[in-house]
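Peer 1: Dropping a structure here in structure tokens format, bear with me for questions.
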Amino acid sequence: MPTSNDMKLPTSNSPYKWRRDEMHIGSMRYKRQIVAGEVISDVYNATKHGEMTLFLGVYATLSSPITHNELLTQLRRAWVALRWDVPTIAAQTLHDGKNIAKPKTWMTYDIAQSHTDVDKWAEETVMLREDITDLDQLRYEVGQGPMPRADLVPQSFLYLAPSTSTTFGVLMHVSHINFDGASVKILMSKLFEHLAMYVSDPHYVSLQSAKIRWGRELENLLPATVDILRKPEPAQMDGHGKVLIPATPEEPQSGPAYDETLTKIVNDVANYAPHVHPFKTFIEPHYNLVTTKPISRRASHKFTVEESNKIISTVRAKQMTVNQLLLGAVCLLPIIDNPPADGPNSQAVVFVHGIVDCRQRLEKAYRHIDGYAGVCIGTSPIVVPVSIITSMQYSSMAEKVLAVASVVREQYRAQAALPALLGVSAEIMEMIATNPNTPPWTGPMFVGDGRGSKYLRESYPESGPVKVIEITDFFMSVNKTDLGPPFRATEWKGRIMLSADHNELAVEPSVVEGWMKLWAELVLSVTV
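Shown next, in the form of structure tokens:
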């Protein structure tokens, strides 16, 4: 995170700048209006029973044994230290009253009054679960429903699930209003860095006490992305005039490049969304969120290291990325599940909201690996015509997977070339959030998280001769209400890992398990 000297506060007329809430008694509350991806997360949380609520589960080992209660004590200390680094883990949500003409939603933060105040918060938000070791099952038990459940309540929680004196799991359960998939990994890395130091260094308590000054953590509140978009940066050259780093364009919020991006995204949605090819095998009658609360569950599949290496070798030979291949295979799932009646003449498309980590579109001070632990995502449609597959009647499944992956590759390239993908996100998300007639999503979604170690380090502390904590495994998950599941992919310790979050009242878990098995088979079909 940038220091307070590095942070460039937005202009005073920005509606997204942190401001003192003058309506709060004592004026110790700060707030800012939510924007972009935060908005859609708030709407879905309120209208879809907590859709998009985030979970990060990690399994870890300790170099030396420790009692469960002592580990809980040190984890709470680490959580407190993380609040100093990233105060929004203690942020809350506030909605304007119904009597206001244009009600807004606010992210709020109450300045800590004392160490005692913060310790009480940590006791309320970090919980010990000695009765369970399976974090997936724990996620299933504690994760149903909205997050937050009401205004001005905590919306970031940790669960400690120890197995032995040297092995444990931690489940992070947070609102998507504050954080995205990358930022929860950033949070966990920062948390475990503190935890490793508290466990191994008896002087770390006094060092942190000297550093932290509650009441001044406001300096560490991250600005909204719209106020720190990338500015133009000149090329960097060596002494001989050779370009070391090319010039970087700005991320615009207006002008021709902005309009070009917005028009492309809006037109693609208008042209292709009506022709989405859906899955078919849902529970009948279809799930109704008005009458029934969803139950979210996660299905998963892990490739072996050998299988993963084969997949990586294949995509390199085909000049693709792993995500392009994986999404290509995902696009085949609804076509196989629901063969189009019009065959080669089908006008349908597999339509996927291409969700992108846009941190490289921020100002330089926020572009380093842990520089922005907030919501920083862009999205544009990834569209694959169904006719590409239905016209390949005599081709092998591997040929079909590669054909679709080739289309996905070009779609990804076009998406990356959009000059204002993050810049338009506020307007795009507002359009989505204010459309009351959006039908339930019945096609696939895809989240390609890439290498897990990009944001989630494997061992802690970062420096020193001894690895005090090592993360052995992890998973990401979100709550899901709509029928179509989001398929997720990541890599950890040489293994490519697949998962799918689904509402088990909308689609049978056995059906999703079948889709997962088929997804893996489609991916492996192209390997040699």
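Going by my numbering, the letters in the sequence shown line up with residues 74 to 601, in that order. Idealized CB from N, CA, C, for every residue including glycine.
(1) Just to confirm my understanding: we take residue 159, look at its own chain, exclude 5 residues before and 5 after, and list those with CB closer than 6 Å. What are they?
(2) Assess contact between the segment 432-444 and the segment 507-517, defined as three or more Cβ pairs (one per stretch) separated by less than 8 Å. Is contact present?
(3) First and last residue of the beta strand (DSSP E) that includes residue 21?
(4) What residue does the alpha helix (DSSP H) around residue 390 start on, and which one ends it?
(5) What does the Cβ neighbour count give for residue 181, buried or exposed, with the cut at 16 atoms within 10 Å?
(6) Would you identify the three-state DSSP class for residue 458, choosing helix, strand or coil?
(7) State the Cα-Cα distance for the pair residue 404 and residue 267, rounded to the nearest angstrom.
(8) So residue 425 and residue 459 are in contact, right, with Cβ under 8 Å, and what is the actual spacing, rounded?
(9) Can you give me the start and stop residues for the alpha helix (DSSP H) that residue 110 sits inside?
(10) To the nearest angstrom, report how far apart residue 496 and residue 377 are at their CA atoms.
(11) Can you give me the start and stop residues for the alpha helix (DSSP H) that residue 142 sits inside?
(12) Do you know offhand how far residue 284's Cα is from residue 173's?
(13) Could you check if residue 472 is buried or exposed, using at least 16 other CB atoms within 10 Å of its CB as the buried criterion?
(14) Extract the residue ranges of the beta strand (DSSP E) inside the segment 499-537, only unbroken runs of 3 or more that lie entirely within it.
(15) So, residue 150 versus residue 196, is the Cβ gap smaller than 8 Å?
(16) Among residues of its own chain, excluding the 5 on either side of residue 111, which ones have a beta-carbon nearer than 6 Å to its beta-carbon?
(17) If I measure Cβ to Cβ from residue 298 and keep anything under 8 Å in the same chain, skipping five residues before and after, which residues do I get?
(18) Between residue 240 and residue 101, what straight-line distance do the alpha-carbon atoms span, to the nearest angstrom?
(19) Secondary structure at residue 172, three-state DSSP: helix, strand or coil?
(20) Taking the straight line between their C-alpha atoms, what separation do you get for residue 360 and residue 419?
(21) When we look at the beta-carbon of residue 82 and count the other beta-carbons within 10 Å, is it buried (16 or more) or exposed?
Peer 2: Looking at the coordinates:
(1) For residue 159, where only same-chain residues beyond five positions count, the Cβ hits under 6 Å are 446.
(2) No: fewer than three Cβ pairs fall under 8 Å.
(3) It is not possible to answer for residue 21, since the shown part of the chain is limited to 74 through 601.
(4) Residue 390 -> alpha helix (DSSP H) spans 378-390.
(5) By the neighbour-count rule (16 or more Cβ atoms within 10 Å), residue 181 is buried.
(6) Here residue 458 sits in strand by DSSP.
(7) Answer to the nearest angstrom: the Cα atoms are 41 Å apart.
(8) Not really, about 13 Å apart at Cβ, beyond 8 Å.
(9) Segment 110-120, the alpha helix (DSSP H) holding residue 110.
(10) Each residue's Cα considered, the two are about 39 Å apart.
(11) Segment 141-158, the alpha helix (DSSP H) holding residue 142.
(12) When only Cα atoms are considered, residue 284 and residue 173 end up about 42 Å apart.
(13) Exposed.
(14) Taking only runs of at least 3 residues, the beta strand (DSSP E) segments lying wholly in the segment 499-537 are 518-524.
(15) Not in contact: residue 150 and residue 196 (Cβ atoms no closer than 8 Å).
(16) 250, 448, listed in sequence order.
(17) Contacts found: 108, 109, 431, 435, 445, 447, 448, 449, 495, 498.
(18) Distance between the alpha carbons of residue 240 and residue 101 is about 40 Å.
(19) In the structure shown, residue 172 sits in coil (DSSP, three-state: anything other than H, G, I, E or B).
(20) If you take the alpha carbons of residue 360 and residue 419, they lie about 27 Å apart.
(21) The predicted model places residue 82 with a pLDDT of 34, which falls under 50 and marks its position as unreliable, so this point remains unresolved.
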